[in-house]
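Below: the structure, in structure tokens.
In the numbering used here, the protein residues as written are 10 to 147.
Pasting the structure below:
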């Protein structure tokens, strides 16, 4: 019974954080005020599975936006505004919103092209997308 109540009323809240500092500081615990968090409070859900890529002079983070009501994730992108050693997230833009769950947007370059391969196990297929006008058209 506890598990049924837990599934119905309790949801984990995930978010994105970008750390700005030296790797050894992580080991020494000196990370206060060096993690810049996304704003997942804007949605009834969570942010997860970030992939960062640099395009020309800008950085973009692709990630899953999961909605609790539908338990379905979609792939979104946010430009990272980096100034004065601080990171700000622009509001996410939807990249892929299908009728099935999508997550883990693995993004990579090959032969001058940018590709994205999200996790879509629920669908039973693997789809590889090629950017036609990066970052928002595929």
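Even for Gly, the Cβ is constructed at its ideal location relative to N, Cα and C.
Note that the structure is predicted; figures quoted are calculated from it, not measured.
Can you check DSSP and say which residues form a bridge with residue i?
| i | result |
| --- | --- |
| residue 46 | 26 |
| residue 138 | 125 |
| residue 90 | 97 |
CA-CA distance, residue i and residue j?
| i | j | result |
| --- | --- | --- |
| residue 144 | residue 100 | 14 Å |
| residue 132 | residue 69 | 27 Å |
| residue 142 | residue 84 | 16 Å |
| residue 59 | residue 30 | 18 Å |
| residue 77 | residue 147 | 26 Å |
| residue 139 | residue 33 | 37 Å |
| residue 72 | residue 87 | 8 Å |
| residue 113 | residue 91 | 23 Å |
| residue 26 | residue 109 | 26 Å |
Does residue i come out as helix, strand or coil in the three-state DSSP assignment?
| i | result |
| --- | --- |
| residue 32 | helix |
| residue 107 | coil |
| residue 131 | helix |
| residue 163 | Since the first residue of the chain shown is 10 and the last is 147, residue 163 is not available in this structure. |
| residue 146 | strand |
Write down the C-beta distance between residue i and residue j rounded to the nearest angstrom, noting that I regard them as a contact closer than 8 Å.
| i | j | result |
| --- | --- | --- |
| residue 116 | residue 62 | 5 Å |
Taking the continuous beta strand (DSSP E) assigned at residue i, which residues delimit it?
| i | result |
| --- | --- |
| residue 67 | 67 to 76 |
| residue 101 | Run containing residue 101: none; DSSP gives neither H nor E here. |
| residue 119 | 112 to 119 |
| residue 38 | Segment: none, residue 38 is in no beta strand (DSSP E) and carries neither H nor E. |
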